[in-house]
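Residue numbers (the working numbering), protein chains in the order written: chain A, 204 to 406; chain B, 204 to 406.
Even for Gly, the Cβ is constructed at its ideal location relative to N, Cα and C.
Quantities reported herein were computed from a predicted structural model and do not represent experimental measurements.
Protein chains: 2
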Amino acid sequence: MSYSSRQNDGPLDSLIRALAGLPGLGPRSARRIALHLLTNRQKAMAPLMQALEQTAAQVRICTACGNLDLSDPCRICTNPQRQQNTLCVVAGVADLWAIERTGAFKGRYHILGGILSALDGITPDMLTIRPLLERLAGVEEVILALAATVDGQATAHYLSDRLQDARPDLRITRLAHGVPVGGELDYLDEGTIMTALKSRSRV
Amino acid sequence: MSYSSRQNDGPLDSLIRALAGLPGLGPRSARRIALHLLTNRQKAMAPLMQALEQTAAQVRICTACGNLDLSDPCRICTNPQRQQNTLCVVAGVADLWAIERTGAFKGRYHILGGILSALDGITPDMLTIRPLLERLAGVEEVILALAATVDGQATAHYLSDRLQDARPDLRITRLAHGVPVGGELDYLDEGTIMTALKSRSRV
Numbered sequence: 204m205s206y207s208s209r210q211n212d213g214p215l216d217s218l219i220r221a222l223a224g225l226p227g228l229g230p231r232s233a234r235r236i237a238l239h240l241l242t243n244r245q246k247a248m249a250p251l252m253q254a255l256e257q258t259a260a261q262v263r264i265c266t267a268c269g270n271l272d273l274s275d276p277c278r279i280c281t282n283p284q285r286q287q288n289t290l291c292v293v294a295g296v297a298d299l300w301a302i303e304r305t306g307a308f309k310g311r312y313h314i315l316g317g318i319l320s321a322l323d324g325i326t327p328d329m330l331t332i333r334p335l336l337e338r339l340a341g342v343e344e345v346i347l348a349l350a351a352t353v354d355g356q357a358t359a360h361y362l363s364d365r366l367q368d369a370r371p372d373l374r375i376t377r378l379a380h381g382v383p384v385g386g387e388l389d390y391l392d393e394g395t396i397m398t399a400l401k402s403r404s405r406v
Numbered sequence: 204m205s206y207s208s209r210q211n212d213g214p215l216d217s218l219i220r221a222l223a224g225l226p227g228l229g230p231r232s233a234r235r236i237a238l239h240l241l242t243n244r245q246k247a248m249a250p251l252m253q254a255l256e257q258t259a260a261q262v263r264i265c266t267a268c269g270n271l272d273l274s275d276p277c278r279i280c281t282n283p284q285r286q287q288n289t290l291c292v293v294a295g296v297a298d299l300w301a302i303e304r305t306g307a308f309k310g311r312y313h314i315l316g317g318i319l320s321a322l323d324g325i326t327p328d329m330l331t332i333r334p335l336l337e338r339l340a341g342v343e344e345v346i347l348a349l350a351a352t353v354d355g356q357a358t359a360h361y362l363s364d365r366l367q368d369a370r371p372d373l374r375i376t377r378l379a380h381g382v383p384v385g386g387e388l389d390y391l392d393e394g395t396i397m398t399a400l401k402s403r404s405r406v
């Protein structure tokens, strides 16, 4: 079973196919992982199956912000300690996790569900822009924490226009661009150095 | 949940930890895969869970050769079309699959379960060498299809001695070394070129 690419005769092939479809994995790494699971049933396969089952059964999407949590609304949306007047717009849950790991943000989030992209055919109605515009009551600042890519910045520009139209008094901000902490100038691209130079500050 | 490395509060963290322990994956790729699974429950999570369950329930290890299959003994061991007089010794199931994909081998296999390694502390009693010696009835040739690494060749040498002791009339062979098909000389190491030169054949 599973030796050839022609054959397809059983659960091991289905497993390899399911694994190979995951982001970052291909047929070769999927075969390696499937073999690892089969030869480590107690240590690797059983915990993975249990975690998958529990995750599938218990984790839900927050209808307010789009975050993944055990409760809906999520613990960030319901936390009274979090500022209600600041909303941080991110493309996906991975970005929310990245910001939460810093511990530097005390407001709430809004997950767009992607980035506008002409190439990938992602249009405004495919993102949670309307729900965002309906969440602005009591919000004073919206931080557009989107990628510093062409698509990310185009999305930020579009959102900024829509938000300003809906609430002219809103403070709309974006993450600073510049030299990453620990970054050596020699290894940075010209665009980053140029931006860092333009946004230079007094020491 | 799962934002920080300090927190550990639920099934999503368990899932990320289970994924991060798989070969070739780390915390970052595990987070990415977990998010992909959660946002594609029907298309990615359900098929993976089903394949895992079926694999865990149905796939067993062949007590004759060590192969993974739905039946024990496996379909290669029980296939009357396969030559009973030729045994191909491989380190693991992945190598068996690699050879089966060529379609060039019509004998049966014996899976060692690893390679002798002083560094990793793998000793002869940790491999299926005794079962191999007990499978030699009716066998005329044993092909040692082991990696062309120092450990692989040391294992082949050790096995060759043990096999010859057990059955002096046995024909013991190994895979040819040389220039890989499609390989350019310029990119090959000296050891391979030297071996290919020594084992040169008439055109």
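query = Under a Cβ-count criterion, where at least 16 other Cβ atoms within 10 Å of its own Cβ denotes burial, should A:Ser-205 be classed as buried or exposed?
reply = For A:Ser-205, the predicted model reports a pLDDT of 44, less than 50, meaning its position is unreliable and no value from the coordinates is stated.
request  = Can you give me the Cβ contacts of A:Arg-285 inside the same chain, cut-off strictly under 7 angstroms, excluding the 5 residues immediately before and after it?
outcome  = Ile-279, Lys-309, Gly-310, Arg-311
message = In the DSSP output, what is B:His-313 paired with across the bridge?
response = B:Val-292
inquiry  = At a CB distance below 7 angstroms, what residues from the region 226–251 of chain B approach chain A? Give them in sequence order.
reply    = Pro-226, Gly-227, Ser-232, Arg-234, Arg-235, Ile-236, Leu-238, His-239, Leu-241, Arg-244, Ala-247, Met-248, Pro-250, Leu-251
key: Beta-carbon gap between A:Leu-289 and A:Glu-344 smaller than 8 angstroms   = Per the sequence shown, the amino acid found at residue 289 of chain A is Thr instead of Leu. With a cutoff of 8 angstroms on beta-carbon distance, A:Thr-289 and A:Glu-344 are scored as near each other.
task = Closer than 6 angstroms by C-beta to B:Leu-335: which residues in its own chain qualify, once you throw out the five before and the five after it? Chain order, please.
result = His-313
ask   = By Cβ distance, which residues of its chain are closer than 7 angstroms to B:Arg-209, with the 5 residues on each side in sequence left out?
value = Note that B:Arg-209 scores 38 on pLDDT, short of 50, meaning its location in the model is unreliable and no value can be drawn from it.
query = Is it right to say B:Val-262 is buried, meaning 16 or more other beta carbons lie within 10 angstroms of its own, or is it exposed?
reply = buried
ask   = Using the beta-carbon of each residue, which ones in chain A are nearer than 8 angstroms to B:Gly-317?
value = None at all; the shortest Cβ gap to chain A is about 11 angstroms.
Close Cβ partners of B:Gly-381 (< 8 angstroms) along its chain, the five nearest in sequence each way excluded = Taken in chain order, the residues that qualify are Thr-395, Thr-398, Ala-399, Ser-402.
task = Provide the residue(s) that pair with B:Ser-320 in DSSP beta bridges, ordered along the chain.
result = B:Ile-325
message = Residues of the region 271–289 of chain B in Cβ contact with chain A at a cutoff of 9 angstroms, in chain order, please.
response = Leu-271, Asp-272, Leu-273, Cys-277, Arg-278
task = Identify every run of the beta strand (DSSP E) within the region 220–302 of chain A, keeping only runs that are complete inside it and at least 3 residues long; order them along the chain.
result = 289–293
ask   = Mind pulling the chain A residues with CB within less than 8 angstroms of B:Ser-217?
value = Within 8 angstroms Cβ-Cβ: Pro-250, Gln-253, Ala-254, Gln-257, Thr-258.
request  = Determine, using beta carbons only, whether B:Leu-330 and B:Leu-315 come nearer to each other than 8 angstroms.
outcome  = Yes; because the gap between Cβ atoms is below 8 angstroms, this pair is in contact.
request  = May I ask you to verify whether the region 259–278 of chain B touches the region 224–241 of chain B, counting CB pairs closer than 8 angstroms and requiring at least 3?
outcome  = Using a Cβ-Cβ distance cut-off of 8 angstroms, the region 259–278 of chain B and the region 224–241 of chain B are not in contact, since fewer than three pairs of beta carbons, one from each stretch, lie closer than that value.
query = Ends of the beta strand (DSSP E) at B:Thr-352?
reply = Counting along the chain, B:Thr-352 falls outside any beta strand (DSSP E), and DSSP gives it neither H nor E.
message = Helix, strand or coil, according to DSSP, for B:Leu-335 in the structure here?
response = helix
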